[in-house]
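Take a look at the structure set out below.
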Amino acid sequence: MIITLPHEAALAPDIAISSRSRFSDSIWHLDGLRPGGNRSDFSLDWDFAIAAGRFTDPGFAPWCEAAKTFLWSVKVDPPPGRKHLHDGTLTSLFKALRLLIRWMADQGYRRFAELDRDASGWFLAAMAARRNAKGEAIASSTMELYRRLLVLIYLQGARYPTVAIDDPFPGVTGTFRTRDRGWLPYTPDAIAVPLVSSALRLIGPAADDVIALYRQAQDAYDAALGSGLSQTRACFRVVDAIAAFRFATLPGEDAPWQAAPVTSTKRVRQLVDRLYDACFVVIAYLVGARVSEILGLQVGCIEHHASAAGDERFAYLVGRIYKTAHGHHGDAHRWVAPEPVVRAIAVMERLSEPLRRRSGRSDLWLMTSSTGLMGPAVEIDLPVVSTIIHRLNHLFAPFIGLPLHEGEPWHLNTHQGRKTFARFVGKRDRTGLHALQAHLGHVSRVMTDRGYVGTDFTLDELIDRHAQDETRAALEEMLTASSLGGKAGRTIAARSQFRGRTRDGDVQAYVDFLMAETDLRLGICDWGYCVYRSETSACFGGDGGPNPALRTETTCSTCANFAVTARHRPVWEARRSRNVKLLDQPALDPGSRALATARIAECDRILVALDHSMRDHHGSQDQPV
Ligand code: SF4
Numbered sequence: 095m096i097i098t099l100p101h102e103a104a105l106a107p108d109i110a111i112s113s114r115s116r117f118s119d120s121i122w123h124l125d126g127l128r129p130g131g132n133r134s135d136f137s138l139d140w141d142f143a144i145a146a147g148r149f150t151d152p153g154f155a156p157w158c159e160a161a162k163t164f165l166w167s168v169k170v171d172p173p174p175g176r177k178h179l180h181d182g183t184l185t186s187l188f189k190a191l192r193l194l195i196r197w198m199a200d201q202g203y204r205r206f207a208e209l210d211r212d213a214s215g216w217f218l219a220a221m222a223a224r225r226n227a228k229g230e231a232i233a234s235s236t237m238e239l240y241r242r243l244l245v246l247i248y249l250q251g252a253r254y255p256t257v258a259i260d261d262p263f264p265g266v267t268g269t270f271r272t273r274d275r276g277w278l279p280y281t282p283d284a285i286a287v288p289l290v291s292s293a294l295r296l297i298g299p300a301a302d303d304v305i306a307l308y309r310q311a312q313d314a315y316d317a318a319l320g321s322g323l324s325q326t327r328a329c330f331r332v333v334d335a336i337a338a339f340r341f342a343t344l345p346g347e348d349a350p351w352q353a354a355p356v357t358s359t360k361r362v363r364q365l366v367d368r369l370y371d372a373c374f375v376v377i378a379y380l381v382g383a384r385v386s387e388i389l390g391l392q393v394g395c396i397e398h399h400a401s402a403a404g405d406e407r408f409a410y411l412v413g414r415i416y417k418t419a420h421g422h423h424g425d426a427h428r429w430v431a432p433e434p435v436v437r438a439i440a441v442m443e444r445l446s447e448p449l450r451r452r453s454g455r456s457d458l459w460l461m462t463s464s465t466g467l468m469g470p471a472v473e474i475d476l477p478v479v480s481t482i483i484h485r486l487n488h489l490f491a492p493f494i495g496l497p498l499h500e501g502e503p504w505h506l507n508t509h510q511g512r513k514t515f516a517r518f519v520g521k522r523d524r525t526g527l528h529a530l531q532a533h534l535g536h537v538s539r540v541m542t543d544r545g546y547v548g549t550d551f552t553l554d555e556l557i558d559r560h561a562q563d564e565t566r567a568a569l570e571e572m573l574t575a576s577s578l579g580g581k582a583g584r585t586i587a588a589r590s591q592f593r594g595r596t597r598d599g600d601v602q603a604y605v606d607f608l609m610a611e612t613d614l615r616l617g618i619c620d621w622g623y624c625v626y627r628s629e630t631s632a633c634f635g636g637d638g639g640p641n642p643a644l645r646t647e648t649t650c651s652t653c654a655n656f657a658v659t660a661r662h663r664p665v666w667e668a669r670r671s672r673n674v675k676l677l678d679q680p681a682l683d684p685g686s687r688a689l690a691t692a693r694i695a696e697c698d699r700i701l702v703a704l705d706h707s708m709r710d711h712h713g714s715q716d717q718p719v
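First residue of the sequence shown: 95, per the working numbering; consecutive thereafter.
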């Protein structure tokens with residue numbers, strides 16, 4: 095059924111779409127470009143080709159006007175209960191709409207009203223049959239976008255008759271829910287720790303090397319070009335000028351961190367680019383800012399403010415939040431900046447100085463289009479998000495030797511830093527994150543200082559949610575596990591009525607009860623779970639929780655609070671084989687030999703307990719009732 099309002103709603107041709115475009119224009123240049131966005135995406139060209147010509151041809155004028163009405167109305171007059179769309183979302187919707195119109199034109203349709211329920215189904219089927227350049231089916235999120243587009247057209251058709259179509263999914267539209275985006279992946283600890291640690295290593299003295307090399311090379315290049323040499327000859331001059339450059343040996347290492355001499359300008363650029371990547375990683379993972387917020391940072395963005403008690407000064411990163419802001423220019427925001435972030439900003443300020451000088455801009459993340467040094471005609475701009483993602487995965491990860499995850503390269507994206515940060519801060523226990531604990535501990539401490547008023551509420555929600563999700567998943571796992579080890583694990587195994595069951599509604603209801611009604615405190619670490627009670631804590635924890643200084647595999651393995659499930663088995667197996675390897679070394683001193691032997695025995699106890707627990711459980715299940 096097509097629903098329409100009694101009055102004709104329409105948008106006037108001269109209404110302003112942006113500071114540069116009117117409704118009747120064939121290209122809409124939108125204003126809402128955020129740092130990291132692709133400028134061309136924000137120019138919506140209605141003059142696209144369709145089967146029988148172009149969409150702005152006079153024969154399609156009513157349909158084109160209806161399509162414009164739909165798109166703009168979704169932004170300025172969304173269906174009841176829906177948010178006004180940001181221009182970035184409008185660009186994705188435009189692309190999907192263009193695809194729908196092209197498909198409709200191919201089928202011989204000439205107006206939205208012809209898109210009946212069957213046609214909507216055929217459209218989705220046609221989209222599902224498409225393949226990308228690699229021959230893969232399109233992503234489910236893209237299919238969701240097409241589905242959402244059809245629903246939006248139907249909903250807007252109730253008020254804009256030129257857009258009215260049949261309900262594409264009768265009985266479903268009313269309960270249509272946006273996809274739950276809470277589970278975009280964070281970076282697993284085994285990847286996050288080497289990733290951030292390598293980035294921290296690079297922004298230390300290594301960064302001073304890269305900046306010195308870059309300056310020397312760029313100065314030589316500018317001088318050579320200034321003397322009238324061609325770009326190719328100027329590059330030879332540069333290679334001569336930097337031939338004597340040597341890299342430092344970093345503290346705790348026994349060789350220079352890079353081989354010398356550097357024999358090409360391309361190599362200089364690569365080192366500079368990897369430093370950009372390292373700074374991006376440090377800020378994303380230790381601050382939790384989004385990519386647009388990082389790429390939008392300006393020179394001089396570190397400020398210092400006193401704590402509430404006035405006895406300490408904290409560093410803050412000052413920038414803008416775009417995603418939840420009302421205007422295109424974002425809302426001002428301050429993030430707590432641990433010391434490495436202050437350093438990363440100082441590095442970026444030095445790295446981007448020549449580009450800022452050349453372009454007259456104050457952005458920190460300016461990059462050049464050049465694969466070598468900056469020539470006279472080089473383009474300078476902020477990178478787009480896809481460039482950052484490409485660099486992280488294909489250039490930075492191999493450069494730092496990022497380990498594989500379960501045998502495969504882990505795919506990094508620009509949102510993982512924020513998700514991982516939220517998880518770090520929300521995590522009750524950060525034992526698996528020794529390398530990052532100092533920095534993250536600093537952030538947590540400042541965020542709870544009375545003088546700190548955070549305004550990134552979505553980040554606060556993300557942090558709470560991660561803490562809750564992690565506790566929930568651990569509780570469900572412990573209650574249903576077929577095999578449980580550790581002293582607390584044995585107690586739970588003996589008492590849980592859910593043991594060996596799938597995580598059904600009863601289990602979830604019980605976990606809801608535990609989380610809401612009891613003061614159960616659960617610590618989560620790589621090698622097991624801590625069902626915390628201070629009176630039985632082997633690490634001498636206090637009211638605030640376990641004592642991090644004494645919390646180790648060895649202490650936990652003897653503690654009454656400790657539980658371990660099959661999920662932790664690989665950690666104990668790996669610990670065992672590491673210590674077995676140690677024993678194989680003939681030169682091992684007696685003290686270390688005794689320690690390795692004790693650790694092997696400890697691992698064996700846990701692994702045997704897991705095996706027994708599993709056998710007992712199956713044995714009891716086999717008993718006649
Ligand atoms: S030693 Fe006991 S109380 Fe301390 S963290 Fe380990 S399991 Fe928890």
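Each residue gets a CB set at the ideal place from its N, CA and C atoms; glycine is no exception.
query: When DSSP labels each residue in this structure, what does Cys650 get in the three-state scheme?
result: As a first step, residue 650 is located in the sequence shown; it is residue number 556 there, counting from the start. Cys650: helix per DSSP, three-state reduction.
query: Per DSSP, what kind of secondary structure is Trp122 in: helix, strand or coil?
result: The residue labelled residue 122 in the question sits at position 28 within the sequence shown. When secondary structure is reduced to three states using DSSP, Trp122 falls in the strand class.
field: Heavy atom of the ligand SF4 within 7 Å of Gly635 beta-carbon
entry: Counting from one through the sequence shown, the residue named residue 635 turns up at place 541. Under cutoff, so the answer is yes.
task: Please determine, among Pro264, His662 and Gln364, the residue with the shortest C-alpha to C-alpha distance to Ser214.
output: Indexing the sequence shown from 1 puts residue 214 at position 120. Closest by alpha carbon: Pro264.
- request: Helix, strand or coil for Tyr546, going by three-state DSSP, please let me know.
  value: Along the sequence shown, read from residue 1 onward, the residue named residue 546 stands at position 452. Low per-residue confidence applies at Tyr546: pLDDT is 45, beneath 50, and the placement is therefore not dependable, though the value from the model is reported in the following sentence. In the three-state reduction of the DSSP assignment, Tyr546 falls in the coil class.
query: Are at least three pairs of beta-carbons, each pair with one atom in the segment 626-633 and one in the segment 592-599, less than 8 Å apart?
result: Result no; under three Cβ-Cβ pairs closer than 8 Å.
- request: Could you tell me if Phe408 is buried or exposed, where buried requires 16 or more neighbouring beta carbons within 10 angstroms of its beta carbon?
  value: As a working mapping, residue 408 is identified with position 314 in the sequence shown. So Phe408 ends up on the buried side.
task: On the DSSP bridge assignment, give the partners of Ser137 in chain order.
output: As a working note, residue 137 is residue 43 in the sequence shown. DSSP, once it has assigned bridges, lists His123 as partnering Ser137.
query: Which value, in whole angstroms, describes the spacing of the CA atoms of Met468 and Pro288?
result: In the sequence shown, residue 468 corresponds to position 374, counting from 1. In the sequence shown, residue 288 corresponds to position 194, counting from 1. It is roughly 32 Å from the alpha-carbon of Met468 to the alpha-carbon of Pro288.
message: Given a cut-off of 8 Å on the beta-carbon distance, is the pair Arg693 and Leu677 in contact?
response: Reading the sequence shown from its first residue, position 599 is the one you call residue 693. Reading the sequence shown from its first residue, position 583 is the one you call residue 677. Against a cut-off of 8 Å, the Cβ pair of Leu677 and Arg693 comes out as no contact.
query: Does the beta-carbon of Ala438 have 16 or more other beta-carbons within 10 angstroms, so that it is buried, or is it exposed?
result: The residue given as residue 438 occupies position 344 in the sequence shown. With 16 or more other Cβ atoms within 10 Å, it is buried.
message: Suppose the cutoff is 6 Å on Cβ atoms and the five residues either side in sequence are ignored; what does the same chain contact list for Arg205 look like?
response: Here residue 205 refers to the residue found at position 111 when the sequence shown is read from its first residue. Cβ neighbours of Arg205 beyond the five flanking positions: Trp157.
task: Give the range of the alpha helix (DSSP H) segment to which Val376 is assigned.
output: In the sequence shown, residue 376 corresponds to position 282, counting from 1. Annotation for Val376: the continuous alpha helix (DSSP H) segment containing it runs Thr359 to Val381.
- request: Say yes only if the C-beta of Phe374 is nearer than 7 Å to one or more non-hydrogen atoms of the ligand SF4, and no if none qualify.
  value: On the sequence shown, position 280 is the one that residue 374 refers to. Answer for Phe374: no, Cβ out of range of the ligand SF4.
task: Identify which residue in His423, Glu208, Asp698 and Thr150 has its Cα closest to the Cα of Ala258.
output: Against the sequence shown, residue 258 aligns to sequence position 164. For the residues His423, Glu208, Asp698 and Thr150, the minimum Cα distance to Ala258 belongs to Glu208.
message: Could you pull the DSSP bridge partners for His499 from this structure?
response: As a working note, residue 499 is residue 405 in the sequence shown. In DSSP, His499 forms a bridge with Glu502.
- request: Alpha carbon to alpha carbon, how far is Glu696 from Glu667? Give it in angstroms, no decimals.
  value: Taking the sequence shown and counting its residues from 1, the one referred to as residue 667 is at position 573. Taking the sequence shown and counting its residues from 1, the one referred to as residue 696 is at position 602. Glu667 and Glu696: Cα-Cα distance of roughly 11 Å.
- prompt: Are the CB atoms of Ile247 and Pro497 nearer to each other than 8 Å?
  reply: Position 153 of the sequence shown, counted from the first residue, corresponds to residue 247. Position 403 of the sequence shown, counted from the first residue, corresponds to residue 497. In terms of Cβ geometry, Ile247 and Pro497 do not form a close pair [threshold 8 Å].
query: When you compare each of Ala227, Glu230 and Asp261 to Leu79 by their alpha carbons, which one comes out closest?
result: There is simply no residue 79 to check, as the chain begins at 95 and stops at 719 in what is shown.
message: Considering only DSSP beta bridges, list what Trp459 is partnered with.
response: Within the sequence shown, the letter at position 365 stands for residue 459. DSSP lists no partner for Trp459.
task: Examine the ligand SF4 and report whether any of its heavy atoms sits within less than 7 Å of the Cβ of Pro503.
output: Indexing the sequence shown from 1 puts residue 503 at position 409. No - the ligand SF4 has no heavy atom lying nearer than 7 Å to the Cβ of Pro503.
- prompt: Between the C-alpha atoms of Leu701 and Arg663, what's the straight-line distance to the nearest angstrom?
  reply: In the sequence shown, the residue the question calls residue 701 occupies position 607. In the sequence shown, the residue the question calls residue 663 occupies position 569. Rounded to the nearest angstrom, the two C-alpha atoms are 7 Å apart.
task: Tell me the start and end of each unbroken beta strand (DSSP E) in the segment 389-454 that is at least 3 residues and wholly inside, in chain order.
output: Look at the segment 389-454 and you find these whole runs of beta strand (DSSP E), each 3 residues long or longer: 396-400, 407-415 and 425-430.
- request: Counting only the same chain and skipping the five closest in sequence on each side, list residues whose C-beta sits under 7 Å from that of Ala587.
  value: Against the sequence shown, residue 587 aligns to sequence position 493. Same-chain partners within the cutoff: Leu578, Arg593 and Ser707.
- request: Within the same chain, show all residues whose beta-carbon is closer than 8 Å to that of Ile336, passing over the 5 residues directly before and after it, in chain order.
  value: The sequence position of residue 336 within the sequence shown is 242, counting from 1. Taken in chain order, the residues that qualify are Leu307, Gln310, Ala311, Ala314, Pro355, Val356 and Val362.
Span separating the alpha-carbon of Asp613 from that of Arg627: Numbered from its first residue, the sequence shown carries residue 613 at position 519. Numbered from its first residue, the sequence shown carries residue 627 at position 533. Roughly 10 Å separates the two Cα atoms.
task: Could you give the DSSP three-state label for Gly594: helix, strand or coil?
output: For the purposes of this step, residue 594 is identified with residue 500 of the sequence shown, where counting begins at 1. Secondary structure of Gly594 (DSSP, three-state): coil.
Any alpha helix (DSSP H) of 4 or more consecutive residues that is wholly inside the segment 161-207: Unbroken alpha helix (DSSP H) stretches of 4 residues or longer found wholly inside the segment 161-207: 181-200, given in chain order.
query: Which whole-angstrom value is the C-beta distance of Ile111 and Ser137, which I expect to be below 8 Å?
result: By 1-based counting over the sequence shown, the position of residue 111 is 17. By 1-based counting over the sequence shown, the position of residue 137 is 43. Contact doesn't hold; Cβ gap of about 11 Å is too wide.
- prompt: If Leu191 and Lys169 are in contact, beta carbons under 8 Å, what's the gap, nearest whole angstrom?
  reply: For the purposes of this step, residue 191 is taken as residue 97 along the sequence shown, with counting starting at 1. For the purposes of this step, residue 169 is taken as residue 75 along the sequence shown, with counting starting at 1. The beta-carbon distance between Leu191 and Lys169, rounded to whole angstroms, is 13 Å. This is too long to meet the 8 Å contact definition.
message: Quick test of your reading: Ala372 and Ala293, contact by CB under 8 Å. State the CB separation rounded to the nearest angstrom.
response: The residue given as residue 372 occupies position 278 in the sequence shown. The residue given as residue 293 occupies position 199 in the sequence shown. Yes, they are in contact, since the Cβ atoms of Ala372 and Ala293 sit about 4 Å apart, within 8 Å.
Arg661 versus His178: straight-line alpha-carbon distance, rounded: Counting from one through the sequence shown, the residue named residue 661 turns up at place 567. Counting from one through the sequence shown, the residue named residue 178 turns up at place 84. Between Arg661 and His178, the C-alpha separation is close to 44 Å.
message: Given this structure, state the Cα-to-Cα distance separating Leu460 from Gln352, to the nearest angstrom.
response: Looking up residue 460 in the sequence shown gives position 366. Looking up residue 352 in the sequence shown gives position 258. Between Leu460 and Gln352, the alpha-carbon positions lie close to 25 Å from each other.
message: Taking the straight line between their C-alpha atoms, what separation do you get for Gly685 and Arg672?
response: Taking the first residue of the sequence shown as position 1, residue 685 is located at position 591. Taking the first residue of the sequence shown as position 1, residue 672 is located at position 578. For the pair Gly685 and Arg672, the Cα-to-Cα distance works out to about 16 Å.
query: My guess is that Leu449 and Ile482 are in contact by the Cβ rule of under 8 Å, so how many angstroms apart are they, rounded?
result: Against the sequence shown, residue 449 aligns to sequence position 355. Against the sequence shown, residue 482 aligns to sequence position 388. Not confirmed; about 16 Å, so no contact.
Cβ separation of Gly617 and Gly639, assumed to be a contact under 8 Å, to the nearest whole Å: Numbered from 1 along the sequence shown, position 523 holds the residue referred to as residue 617. Numbered from 1 along the sequence shown, position 545 holds the residue referred to as residue 639. Approximately 7 Å separates the beta-carbon atoms of Gly617 and Gly639; this is inside 8 Å, confirming the contact.
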